[in-house]
Structures are given as C-alpha cells and as structure tokens.
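Note that the protein sequences, when read in sequence, are chains A and R. In terms of this note's numbering, the first sequence opens at residue 1 and continues consecutively. In terms of this note's numbering, the second sequence opens at residue 211 and continues consecutively. Glycine included, each C-beta is placed from N, C-alpha and C at the ideal position. Just so it is clear, the structure is predicted and the values come from calculations on it, not from any experiment. To keep things clear, I will list the structure first and then write my remarks on it.
2 protein chains.
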Amino acid sequence: MTTLIIGAHGQIGQLLIKTLVAEGETPRAMVRAEAQAQMVKDLGAEPVIADLEGDFQSALKGCDKVVFTAGSGAKTGPDKTILVDMWGAMKAVDAAKAAGVSQFVMVSSRGAEDPEAGPAKIKHYTVCKKLADDHLLRSGQPYTILRPGRLTNDAAEHKVTTQWPTEADNQWIPREDVALAIKHCLKTPATVGKVYPLFHGELSFREALS
Amino acid sequence: MTTLIIGAHGQIGQLLIKTLVAEGETPRAMVRAEAQAQMVKDLGAEPVIADLEGDFQSALKGCDKVVFTAGSGAKTGPDKTILVDMWGAMKAVDAAKAAGVSQFVMVSSRGAEDPEAGPAKIKHYTVCKKLADDHLLRSGQPYTILRPGRLTNDAAEHKVTTQWPTEADNQWIPREDVALAIKHCLKTPATVGKVYPLFHGELSFREALS
Chain A
1 MTTLIIGAHG QIGQLLIKTL VAEGETPRAM VRAEAQAQMV KDLGAEPVIA
51 DLEGDFQSAL KGCDKVVFTA GSGAKTGPDK TILVDMWGAM KAVDAAKAAG
101 VSQFVMVSSR GAEDPEAGPA KIKHYTVCKK LADDHLLRSG QPYTILRPGR
151 LTNDAAEHKV TTQWPTEADN QWIPREDVAL AIKHCLKTPA TVGKVYPLFH
201 GELSFREALS
Chain R
211 MTTLIIGAHG QIGQLLIKTL VAEGETPRAM VRAEAQAQMV KDLGAEPVIA
261 DLEGDFQSAL KGCDKVVFTA GSGAKTGPDK TILVDMWGAM KAVDAAKAAG
311 VSQFVMVSSR GAEDPEAGPA KIKHYTVCKK LADDHLLRSG QPYTILRPGR
361 LTNDAAEHKV TTQWPTEADN QWIPREDVAL AIKHCLKTPA TVGKVYPLFH
411 GELSFREALS
C-alpha cells in the first residue's frame with residue numbers, strides 16, 4: 001500500500017510520516033521545494049515535489065490512498081485559504097478519483113459542518129473547509145473525513161472522542177493524536193464513508209472510529 | 211413580477227434599478243443600511259434592509275425573480291470574497307430555491323469557467339465565482355448566468371457578443387450594458403438554463419442572448 005500525503009511538510013504531515021514509517025511503511029510525501037524534500041526523506045518518506053496550486057496529478061501515480069492535510073496556515077492571507085485549503089483540496093479529490101485511489105482521508109476542521117453556527121472570525125476558513133468536504137462527499141471518491149478540534153502540540157494521549165465536548169475550551173486534540181487517527185483510518189476499511197468530529201477523549205481509536 | 215436585486219447598491223445594481231424603473235417596474239432592492247435604503251428608494255426601488263452575511267430569507271418573500279450582483283469589491287480582502295461573492299451567492303441560490311423563485315440571474319465573471327486558465331493574480335476571485343456558479347448549476351433552481359468581461363463605466367452601446375474577443379484588452383463591457391443584458395434575461399424565458407459570456411460587440415441583446 002502506498003499512501004500519498006499532501007501537506008507532508010506541515011506539522012500533522014510530519015507526525016503522520018513518522019507514524020507510518022514506524023509501521024514499516026514508506027509513505028509518499030508531496031512537498032513544494034527541494035529543502036522540504038530532504039526533510040521528509042530524512043523522516044523516512046519518499047518525497048515527490050509538486051505544487052498544489054498547479055498540476056500535481058503525476059504525484060498520485062501508483063498511490064492507493066491519499067491523505068490531504070495541507071493548510072495555508074496563519075502566515076498567509078485568505079487568498080491562500082481559497083487556493084490551498086479549498087481549491088487545492090478539491091483538485092486533490094479530482095486527482096484521486098482520476099487515479100482510482102481507494103481511500104481519500106481529508107483532514108477537515110471543527111466548524112466545517114456548519115459555518116453559520118461558528119465564530120465570525122474564522123467563518124471564511126470554515127466555509128472553505130466545508131465546501132472542500134462537500135466536494136469530496138459528492139465526488140464518488142471513497143472518503144474518510146476527520147474534523148479535529150483546536151490543534152495542540154501536546155503528546156499523544158491515544159484517547160479520543162467523536163462527541164463534541166460541551167465547553168469550547170475543551171474542544172482540542174493533540175496533532176499527534178490526529179496523525180494516529182489518520183493511520184487508524186488508513187488501516188480500517190470500516191472508516192470509509194464516514195465523517196468524524198475528533199477531540200481528545202476517553203476512547204481508543206478503534207472504539208471511537210468504527 | 212417582482213424582482214429582488216441583491217447587491218442593489220453596487221454600480222450594476224443601481225443601473226439595473228434605473229433600467230427596470232424605466233420599464234415601469236418597482237424592483238425590490240436589498241441593501242445593508244438605512245442610508246443605502248434611501249438612495250435606492252430615490253432611484254425608484256422598494257428597499258429591503260438585509261445582510262447577505264446573515265439570514266436574508268425574508269427579503270425574498272413574494273419575489274418572482276432574483277438578480278445576484280453583489281460583490282465585495284477591491285476595498286476589502288479575500289475573506290469577504292469568500293463570504294460575499296461565494297458563500298453569499300450560494301446562500302442566495304438556496305434562499306431563491308426555498309422561495310420558489312422562477313429565475314435566478316447570476317452576475318458572474320469572465321474567468322469563472324476555468325480559473326486554472328486565467329491570471330494567477332485574480333485566481334482566488336475566479337475560483338470563488340466558479341464555485342458559486344457551480345452551486346447554482348446543480349441546485350435545481352432555474353438560472354441564467356452572465357459572465358461579463360472587464361467592467362467599464364462607458365455609456366451603453368446596446369451591442370454585445372457572447373464570443374470571446376481574441377485580445378485580452380478587448381474583453382470589456384460597459385456596466386450599463388450588463389444591466390441591460392440582465393433586464394433582457396428577466397424578460398426572455400428562453401434565457402433560462404443558459405450561461406453567457408458577455409462582452410461589447412455588434413449584436414443586439416436579442417440576437418446575442420437567445
């Protein structure tokens with residue numbers, strides 16, 4: 001099984017590479033530049049240099065699965081939220097479908113289920129994430145969608161929940177647990193066709209993501 | 211027939227009010243604020259104050275047709291391109307469908323047919339316009355989509371074309387001709403279900419938009 005990670009140089013991407021390499025796999029890591037390629041190679045991945053804002057179909061060649069965890073981040077403006085988080089994700093879905101990929105794991109976000117109900121400050125972001133998710137949901141491409149809460153750099157707890165914590169302050173999850181959740185989904189066919197909210201909790205990945 | 215104009219305070223919106231009032235109609239003009247309401251009332255429209263970024267379903271009550279010509283413009287950032295030009299347009303389509311509107315005229319843009327093929331500088335904008343158009347196309351709501359070229363403030367020529375001029379410099383159209391094209395579409399049932407590129411040209415509206 002070859003998994004392409006789109007957004008491999010990001011924080012979750014790097015944690016996912018380590019997780020899959022620890023399982024004896026060699027994921028393919030899509031990055032934009034040579035310096036990033038060396039870095040993901042050092043983590044044990046097979047780098048492929050391609051631009052999410054261009055034509056990256058060839059990066060999927062021979063891949064069975066795709067994980068989309070790219071995000072433009074807080075350092076760039078909402079124009080990049082449009083071009084990377086939304087349009088890039090939609091193009092990745094189309095590329096996966098064209099390549100006959102068996103599972104597309106989308107790292108979405110808390111709030112994407114209903115941008116109108118969330119905070120105004122991040123609404124432009126949750127709208128973009130929702131529309132990318134909607135594109136995947138109607139694409140015919142087999143999918144798993146994860147919607148993690150606020151991401152932290154805490155160590156993995158290996159315990160999660162798909163139930164929304166009542167208090168907003170409690171709606172968080174370590175990035176490392178998101179990476180472990182992605183790995184669980186890649187190895188568990190029953191997660192295909194599911195959309196999971198994801199927060200720190202009291203259940204194992206197997207219990208929470210079934 | 212009552213037509214709701216969303217984006218009535220914009221340049222095309224105001225020209226469209228004047229055009230419809232000259233035909234003896236009283237369009238309903240959706241605006242955000244009291245000062246704008248007085249202004250569109252002075253032009254002969256019936257103002258309704260509602261926020262495209264909120265819930266504006268009630269503004270459509272009793273309307274037969276909807277024209278969407280709202281745009282966040284160049285003074286605000288791409289976050290507003292997301293929330294107004296794309297998400298606002300999608301919500302307007304949903305509201306029109308819920309209200310049983312017989313025609314939704316979308317003022318889209320040159321470039322929305324293929325953002326990848328257009329200039330990188332405005333790609334975030336053409337992506338948002340394309341996704342709004344796509345939402346309308348698959349909504350089941352009867353539509354007419356106009357995709358005008360670069361907008362100018364020249365006087366109406368009353369002559370247009372749906373053929374792309376070869377030279378980019380020539381891909382323009384006066385806003386007043388866009389307003390006249392919208393009026394033509396509202397009065398011509400054969401334009402329902404059509405997507406028209408729109409530039410200054412040599413044909414009458416009847417000849418070009420059939």
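Contact note: residue 79 (chain A) reaches chain R through 288, 334, using a C-beta cutoff of 7 Å and chain order. For the set R:368, R:358, R:272, the Cα lying nearest the Cα of residue 211 (chain R) is the one of R:272. With a cut-off of 8 Å on Cβ pairs, the segment 118-137 of chain A is not in contact with the segment 377-390 of chain R, counting fewer than three such pairs. Bounds of the beta strand (DSSP E) holding residue 313 (chain R) are 313-317. Burial state of residue 103 (chain A) is buried, judged by a 10 Å Cβ sphere holding 16 or more other Cβ atoms. At a cut-off of 8 Å, the C-beta of residue 292 (chain R) has a neighbouring C-beta in chain A.
Per DSSP, reduced to three states, the secondary structure at residue 241 (chain R) is strand. Residue A:59 holds the alpha-carbon nearest to the alpha-carbon of residue 98 (chain A) among A:59, A:85, A:107, A:15.
Residue state for residue 65 (chain A) is assigned as strand, using DSSP reduced to three classes. Only buried fits residue 359 (chain R), as 16 or more other CB atoms lie within 10 angstroms of its CB.
Under the DSSP definition of a beta bridge, residue 197 (chain A) partners with A:147.
Less than 8 Å separates the beta-carbon of residue 315 (chain R) from that of residue 354 (chain R). For residue 214 (chain R), the secondary structure class from DSSP, reduced to helix, strand or coil, is strand.
In this structure, the beta-carbon distance from residue 217 (chain R) to residue 278 (chain R) falls below 8 Å. Chain A places a beta carbon closer than 8 Å to that of residue 337 (chain R), counting this residue as a contact. DSSP, read as helix, strand or coil, puts residue 291 (chain R) in helix. The beta carbon of residue 108 (chain A) lies closer than 6 Å to those of 129, 133, 145, 147 in the same chain, with the five residues before and after it left out. According to DSSP, residue 189 (chain A) shares a beta bridge with no other residue. Within the same chain, Cβ atoms closer than 6 Å to the Cβ of residue 223 (chain R) are found at 215, 217, 279, the five residues on either side in sequence being excluded. Residue 26 (chain A) is not a Cβ neighbour of residue 50 (chain A), given a cutoff of 8 Å.
Inter-residue distance for residue 241 (chain R) and residue 220 (chain R) is about 9 Å (C-alpha atoms, whole angstroms). Residues of the segment 127-153 of chain A whose Cβ lies closer than 8 Å to any Cβ of chain R, in chain order: 127, 128, 131. Per DSSP, the unbroken beta strand (DSSP E) holding residue 382 (chain R) starts and ends at 382-384. Between residue 262 (chain R) and residue 392 (chain R), the beta carbon gap of about 18 Å keeps them out of contact (Cβ cut-off 8 Å). A straight-line Cα-Cα distance of about 36 Å links residue 264 (chain R) and residue 410 (chain R). With a cutoff of 8 Å on beta-carbon distance, residue 253 (chain R) and residue 275 (chain R) are scored as not near each other. Residues of the segment 365-380 of chain R that bring their beta carbon within less than 7 Å of a beta carbon in chain A are absent altogether.
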